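> Chains A and B are the protein sequences, given in the same order. Take 444 as the starting number for the first sequence in the numbering used here and just add one per residue. Take 217 as the starting number for the second sequence in the numbering used here and just add one per residue. Note that the Cβ used here is the ideal one computed from N, Cα and C, for glycine as well. The structure displayed is predicted, hence computed values, not measured ones.
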Amino acid sequence: MNFETASFRDPSGQIFLRDDKIFRSIYSDGVEDFEAARQNSIYEESIQNGYLIEHTEASLTSAPEGSIYCIEHPLIKMITYPWEWSFSMLKDAALLHLDMMDFLIPKGFWLRDANAFNVQCHNGKLLLIDTLSIGKRTENSPWVAYNQFCSHFLAPLAVAAYSDIRTLGLWRANINGYPLDLAARLLPTLKKYSPGLLMHLTMHAHFQKKSQKRQNLKTKTTTRPRKFNDLALSGLINSLRKTISKIKINLKSEIWSEYDSIRTYQSDDVIIKTDFVRKIISRLLPETVWDLGGNTGEFSMTAAQGGAFVMSIDGDPACTEFIYQKRRSQKNGERILPITMDLANPSPSLGWESEERKSLTARGPADLVLSLALIHHLVFSSNIPLNRIAKWFAAIGKYCIVEYMPLDDPMVKTLTENRTEHHPYSLEAFKSAFGIFFTELESMQLNNNRILFFFKRKN
Amino acid sequence: MKKMKKISVSYLALYYLSLLFILFPPVNAHAYLDPGTGSMILQTLLASFMVIGTGIGIFRNKLKIFFKRLFNKEKNNNTP
Chain A
444 MNFETASFRD PSGQIFLRDD KIFRSIYSDG VEDFEAARQN SIYEESIQNG YLIEHTEASL
504 TSAPEGSIYC IEHPLIKMIT YPWEWSFSML KDAALLHLDM MDFLIPKGFW LRDANAFNVQ
564 CHNGKLLLID TLSIGKRTEN SPWVAYNQFC SHFLAPLAVA AYSDIRTLGL WRANINGYPL
624 DLAARLLPTL KKYSPGLLMH LTMHAHFQKK SQKRQNLKTK TTTRPRKFND LALSGLINSL
684 RKTISKIKIN LKSEIWSEYD SIRTYQSDDV IIKTDFVRKI ISRLLPETVW DLGGNTGEFS
744 MTAAQGGAFV MSIDGDPACT EFIYQKRRSQ KNGERILPIT MDLANPSPSL GWESEERKSL
804 TARGPADLVL SLALIHHLVF SSNIPLNRIA KWFAAIGKYC IVEYMPLDDP MVKTLTENRT
864 EHHPYSLEAF KSAFGIFFTE LESMQLNNNR ILFFFKRKN
Chain B
217 MKKMKKISVS YLALYYLSLL FILFPPVNAH AYLDPGTGSM ILQTLLASFM VIGTGIGIFR
277 NKLKIFFKRL FNKEKNNNTP
């Protein structure tokens with residue numbers, strides 16, 4: 444049985460693959476909630492409202508043992524993880540959870556978890572992909588997922604906004620969510636004691652710590668529980684919404700002015716480069732394109748206009764944030780998914796058995812990889828030899844367009860001026876390295892002596 | 217003296233236990249996620265503020281709608 448590596452924590456159900464399709468089994472633990480949600484049209488309305496990924500009921504043939512129901516979901520082109528997301532994508536994922544709660548509470552339902560991994564980008568929209576997250580609300584009970592919501596959404600957003608956006612990288616070391624006490628410690632004092640963050644982060648961390656000390660005491664539920672009615676729960680969601688909405692990122696505006704200068708003045712070489720990429724994409728018709736070092740996303744947009752799903756990868760979180768915000772207002776922009784990743788240290792496999800969350804390579808290969816104005820950074824800034832770069836490109840892409848910039852190029856010179864030694868770097872070395880793994884299909888020399896190559900991976 | 221100390225410790229333990237009894241509400245039987253004792257207690261403590269906050273919000277909205285309708289009515293009466 445081909446189970447999805449990340450689908451094992453919730454005993455209500457499990458994702459499995461069959462014939463290149465995605466299915467979800469519902470086990471006995473999940474039957475009551477599933478039948479109640481189905482009966483009350485919760486799934487139908489959530490899908491119509493654009494909150495939840497769609498599903499259709501499927502046969503139980505070939506379903507795992509213990510399945511009571513089986514549903515099929517559409518395949519998501521690319522699973523991405525919170526440590527790769529832009530600030531605004533994480534914020535939108537948080538607000539999606541709160542929108543769902545506002546929708547579910549009056550109907551007597553709620554979300555059983557508030558897990559960032561349950562939100563994915565599908566056809567340009569953020570959707571909740573865990574159908575079994577929806578469950579019947581326990582009357583008079585506080586929200587069971589409040590803790591998880593604060594550590595998966597509130598804490599990373601607050602720390603990224605009020606400390607440094609690069610702290611989004613802390614996700615990799617804390618894949619079950621940020622510890623609230625760590626997040627509180629990283630906040631400036633003024634922010635730590637602002638109303639929303641005081642309640643949901645600072646005090647929350649304090650109460651968690653205090654209750655951990657009493658964990659060895661036996662506890663029983665009371666026959667007269669303190670009430671936490673729908674009004675209180677709606678109030679909590681409202682308070683969380685206000686707190687999240689107020690957290691805003693203030694990035695340097697250099698990237699915006701760079702974008703504007705590209706838009707208003709396009710040099711001949713940029714036009715030639717764009718035409719070359721556009722021409723290849725219209726012939727190849729790739730379904731998925733990975734734009735390595737996407738920067739402001741100009742070439743990601745070219746690929747998106749050609750009909751592809753584009754993952755625009757850049758190591759600068761400001762670029763990822765820029766593209767995420769810009770894509771909303773651009774035609775075909777919804778086809779671009781910007782993610783933050785250091786290409787010399789791409790996302791590894793993480794989690795249980797080191798395979799729960801997949802590495803970048805495991806989520807490929809892409810049909811086409813774009814490597815424009817990138818190679819020299821990998822060779823000179825990261826000291827990676829050309830043949831190792833070519834080997835990795837062959838692992839992640841079936842075809843690639845690579846831009847070679849000669850040693851006397853001004854951009855390359857800025858990286859080599861303080862260097863006396865580096866790995867071999869010349870046109871011959873480049874062709875030799877890529878020739879091991881790729882067949883050259885086409886090339887074009889630009890006016891500034893840079894050369895674009897179109898390669899096909901050798902089998 | 218030792219007996220007195222033992223009795224006062226057991227009463228203290230009973231006090232803290234009863235506090236947890238009162239503040240620890242029932243949890244959904246289908247919750248696979250550990251909600252966290254501290255998180256549940258905090259929510260229960262904040263419950264009154266949340267109810268008041270929601271109530272104020274609802275009242276404020278109703279007031280807004282009332283004044284909007286009032287001014288729109290006046291506008292309609294004044295226009296020839």
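1) Report the three-state DSSP secondary structure of A/Val-587 (helix, strand or coil).
2) Within its chain, find whatever has a CB closer than 6 angstroms to the CB of A/Phe-752; leave out the 5 residues flanking it on each side and keep chain order.
3) Report back the beta-carbon spacing between A/Val-822 and A/Phe-898 to the nearest angstrom; my notes put them in contact at under 8 angstroms.
4) For A/Thr-863, does the count of other Cβ atoms within 10 angstroms reach 16, so buried, or fall short, so exposed?
5) Return no unless some Cβ of chain A is closer than 8 angstroms to the Cβ of B/Ile-281.
6) Nearest CA to the CA of A/Tyr-486: which residue from A/Leu-817, A/Gly-473, A/Leu-547, A/Ser-802?
7) If we count the other Cβ atoms within 10 Å of its Cβ and call it buried at 16 or more, is A/Gly-678 buried or exposed?
8) Please say whether A/Ala-876 and A/Asn-826 have beta carbons closer to each other than 8 angstroms?
9) Just to confirm, is the Cβ distance from A/Tyr-842 to A/Phe-896 under 8 angstroms?
10) Please compile the residues from chain A whose C-beta is within a distance smaller than 7 angstroms of the C-beta of B/Leu-249.
11) Just grab the DSSP bridge partners of A/Trp-526 for me.
12) If the criterion is Cβ atoms closer than 8 angstroms, does the pair A/Gln-651 and A/Leu-623 meet it?
13) Going by C-alpha distance, which of A/Thr-745, A/Gly-736, A/Gly-737 is nearest A/Pro-729?
14) In whole angstroms, what separates the C-alpha of A/Met-642 from that of A/Ser-654?
15) List the residues of chain B that A/Met-646 touches, going by C-beta distances under 7 angstroms, in chain order.
16) Should the stretch 799-815 of chain A be called in touch with the stretch 758-774 of chain A, which here means at least 3 C-beta pairs below 8 angstroms?
17) Measure the C-alpha to C-alpha separation of A/Ile-496 and A/Ile-894 and round it to an integer number of angstroms.
18) How would you call B/Leu-279, buried or exposed, if buried means at least 16 neighbouring beta carbons within 10 angstroms?
19) Taking the runs of the beta strand (DSSP E) that are 3 residues or longer, which of them lie wholly in the stretch 616-688 of chain A?
20) Round the Cβ separation of A/Phe-881 and A/Ala-837 to the nearest angstrom and send it over; I've been treating them as touching at under 8 angstroms.
21) Spell out the partners DSSP gives A/Trp-733 in its beta bridges.
22) With A/Lys-534 and A/Ile-766 assumed to form a contact (beta carbons below 8 angstroms), what rounded beta-carbon distance in angstroms separates them?
23) Would DSSP call A/Ile-832 helix, strand or coil?
24) Is the beta carbon of A/Gln-888 closer than 8 angstroms to that of B/Leu-249?
25) Could you check what DSSP says for A/His-866 in three-state terms: helix, strand or coil?
26) What does A/Arg-452 reach in chain B if we use C-beta pairs closer than 9 angstroms?
27) Name the residue from A/Met-754, A/Trp-586, A/Phe-596 whose alpha carbon lies nearest to the alpha carbon of A/Pro-808.
28) Which chain B residues sit within Cβ distance under 7 angstroms of A/Gly-678?
29) Leaving aside the five residues before and after A/His-565 along the sequence, list all residues of the same chain whose C-beta is less than 8 angstroms from its C-beta, in chain order.
30) Going along the chain, which residues of its own chain have a beta-carbon closer than 7 angstroms to the beta-carbon of B/Tyr-231, five neighbours each way excluded?
31) Can you name, in chain order, every residue of its own chain whose Cβ lies under 6 angstroms from the Cβ of A/Pro-849, other than the five neighbours on each side?
32) Counting C-beta neighbours from all protein chains within 10 Å, is the total for A/Met-854 16 or more, i.e. buried, or is it exposed?
33) On a CA-only basis, which of A/Phe-873, A/Asp-851, A/Pro-791, A/His-820 is nearest A/Ala-616? Give me that one, please.
On the basis of the data shown:
1) The residue labelled residue 587 of chain A in the question sits at position 144 within the first sequence. If DSSP states are grouped into helix, strand and coil, A/Val-587 belongs with coil.
2) Against the first sequence, residue 752 of chain A aligns to sequence position 309. Contacts found: Lys-520, Thr-731, Arg-778.
3) Taking the first residue of the first sequence as 1, we reach residue 822 of chain A at position 379. Taking the first residue of the first sequence as 1, we reach residue 898 of chain A at position 455. No, A/Val-822 and A/Phe-898 are not in contact; Cβ-Cβ is about 17 angstroms, not under 8 angstroms.
4) Residue 863 of chain A sits at position 420 when you count from the first residue of the first sequence. So A/Thr-863 ends up on the exposed side.
5) Position 65 of the second sequence holds residue 281 of chain B. It does not: the Cβ of B/Ile-281 has no partner Cβ on chain A nearer than 8 angstroms.
6) For the purposes of this step, residue 486 of chain A is identified with residue 43 of the first sequence, where counting begins at 1. Residue A/Leu-547 is the option with its Cα nearest to A/Tyr-486.
7) Translated into positions along the first sequence, residue 678 of chain A becomes position 235. Burial call: buried.
8) For this step, residue 826 of chain A is matched to residue 383 along the first sequence. For this step, residue 876 of chain A is matched to residue 433 along the first sequence. Not a contact, by the Cβ cut-off of 8 angstroms.
9) Start at 1 with the first residue of the first sequence, and residue 842 of chain A comes out as number 399. Start at 1 with the first residue of the first sequence, and residue 896 of chain A comes out as number 453. For A/Tyr-842 and A/Phe-896, no; Cβs fall outside 8 angstroms.
10) Taking the second sequence and counting its residues from 1, the one referred to as residue 249 of chain B is at position 33. In chain order, Arg-555, Asp-556, Val-587, Ala-588, Gln-591 make up the part of chain A whose C-beta sits under 7 angstroms from the C-beta of B/Leu-249.
11) Position 83 of the first sequence, counted from the first residue, corresponds to residue 526 of chain A. Residue pairing by DSSP places A/Trp-526 opposite no residue, since no beta bridge is assigned to it.
12) Within the first sequence, residue 651 of chain A is the residue found at index 208, counting from 1. Within the first sequence, residue 623 of chain A is the residue found at index 180, counting from 1. Contact annotation: A/Gln-651 and A/Leu-623 have beta-carbon atoms nearer than 8 angstroms.
13) For the purposes of this step, residue 729 of chain A is taken as the residue at position 286 of the first sequence. Here the closest residue by C-alpha is A/Thr-745.
14) As a first step, residue 642 of chain A must be located in the first sequence, where it is residue number 199. As a first step, residue 654 of chain A must be located in the first sequence, where it is residue number 211. In a straight line, the C-alpha of A/Met-642 is about 16 angstroms away from that of A/Ser-654.
15) Taking the first sequence and counting its residues from 1, the one referred to as residue 646 of chain A is at position 203. Within 7 angstroms Cβ-Cβ: Leu-258.
16) They do not touch, by the three-pair rule.
17) Within the first sequence, the letter at position 53 stands for residue 496 of chain A. Within the first sequence, the letter at position 451 stands for residue 894 of chain A. One C-alpha to the other measures close to 43 angstroms.
18) Along the second sequence, one-based indexing puts residue 279 of chain B at 63. The residue in question, B/Leu-279, is exposed, as its Cβ has fewer than 16 Cβ neighbours within 10 Å.
19) As far as the stretch 616-688 of chain A is concerned, it has no whole beta strand (DSSP E) run of at least 3 residues.
20) Numbered from its first residue, the first sequence carries residue 881 of chain A at position 438. Numbered from its first residue, the first sequence carries residue 837 of chain A at position 394. 7 angstroms between Cβ atoms; contact.
21) If you number the first sequence from 1, residue 733 of chain A lands on position 290. A/Met-754, A/Val-812.
22) Here the question's residue 534 of chain A lines up with position 91 in the first sequence. Here the question's residue 766 of chain A lines up with position 323 in the first sequence. Not confirmed; about 15 angstroms, so no contact.
23) Locating residue 832 of chain A in the first sequence gives position 389, counting from the first residue. Here A/Ile-832 sits in helix by DSSP.
24) To locate residue 249 of chain B, count along the second sequence from 1; it is residue 33. To locate residue 888 of chain A, count along the first sequence from 1; it is residue 445. No.
25) Reading the first sequence from its first residue, position 423 is the one you call residue 866 of chain A. Coil.
26) Counted from its first residue, the first sequence places residue 452 of chain A at position 9. Per Cβ cutoff of 9 angstroms: Tyr-248, Leu-249.
27) Here residue 808 of chain A corresponds to residue number 365 of the first sequence, with the count starting at 1. Nearest C-alpha to A/Pro-808: A/Met-754.
28) Start at 1 with the first residue of the first sequence, and residue 678 of chain A comes out as number 235. Under the 7 angstroms cutoff, chain B gives Met-266, Val-267, Gly-269, Thr-270.
29) On the first sequence, position 122 is the one that residue 565 of chain A refers to. Here the set comprises Ile-496, Pro-517, Ile-519, Lys-520, Ile-572.
30) As a working note, residue 231 of chain B is residue 15 in the second sequence. Confidence is the limiting factor: at B/Tyr-231 the pLDDT is only 49, short of 50, which leaves the residue's position unreliable and the question unanswerable from this model.
31) As a position in the first sequence, residue 849 of chain A is number 406, starting the count at 1. Counting only Cβ-Cβ distances below 6 angstroms, and skipping sequence neighbours, we find Asn-892.
32) Residue 854 of chain A sits at position 411 when you count from the first residue of the first sequence. For A/Met-854, the number of other beta carbons within 10 angstroms of its own is below 16, and it is reported as exposed.
33) In the first sequence, counting from the first residue as 1, residue 616 of chain A sits at position 173. A/Ala-616 has its Cα closest to that of A/Pro-791, out of A/Phe-873, A/Asp-851, A/Pro-791, A/His-820.
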